[in-house]
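Just add 60 to wherever you are in the sequence shown, counting from 1, and you've got my numbering.
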Amino acid sequence: MIKILYRKTAHSVHPLGKMLWWGMMNLPKPPYRAELQVQASGLKNGKQAQVRASVAHSDGYKLTAIPVVAFLLQYLDGSAKRPGLWMMGHLAEPIRLMKDMEKMGVLVHASEV
């Protein structure tokens, strides 16, 4: 009974294994890049405006950690301390955060459309 179940499971996984192998052989090769993009629209000074922004890094793990480190720089120098419980994005000064992230190797692009 166990051999029969194993055969069915192994047999049904085989096509997925082929797809995985195909992806590893045919999809883009290193260097990889992790990128976060946002396209936002709204009112600026009473007029319709659109903004596109992105942050990118060759290492996705570093792209996750660098904004936290950039925020901690603000927190430790006292510029991001307020009483109460705050979310990081509401407490950090955004222009300084992006500049500090750039110093740590993140590619930052922002433009008005």
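We put the CB at the ideal spot given by N, CA and C, even for glycine.
Check whether the Cβ atoms of residue i and residue j lie closer than 8 Å to each other.
i, j, result
"L123", "V115", "yes"
"L136", "D160", "no"
"V173", "V98", "no"
"A94", "L103", "no"
"L113", "A170", "Looking at the sequence shown, residue 113 is not Leu but Ala. Going by C-beta atoms, A113 is nearer than 8 Å to A170."
"M164", "I126", "yes"
Return helix, strand or coil for residue i, following the three-state DSSP convention.
i, result
"A130", "helix"
"G77", "helix"
"G83", "helix"
"G144", "coil"
"K122", "helix"
Compare the C-alpha of residue i against each of the options and name the closest.
i, options, result
"L96", "K107, P90, S118", "S118"
"F131", "Y121, I155, V98, R112", "I155"
What are the start and end residues of the alpha helix (DSSP H) that includes residue i?
i, result
"R156", "154-163"
Considering residue i, what are the terminal residues of the beta strand (DSSP E) in which it resides?
i, result
"S171", "167-172"
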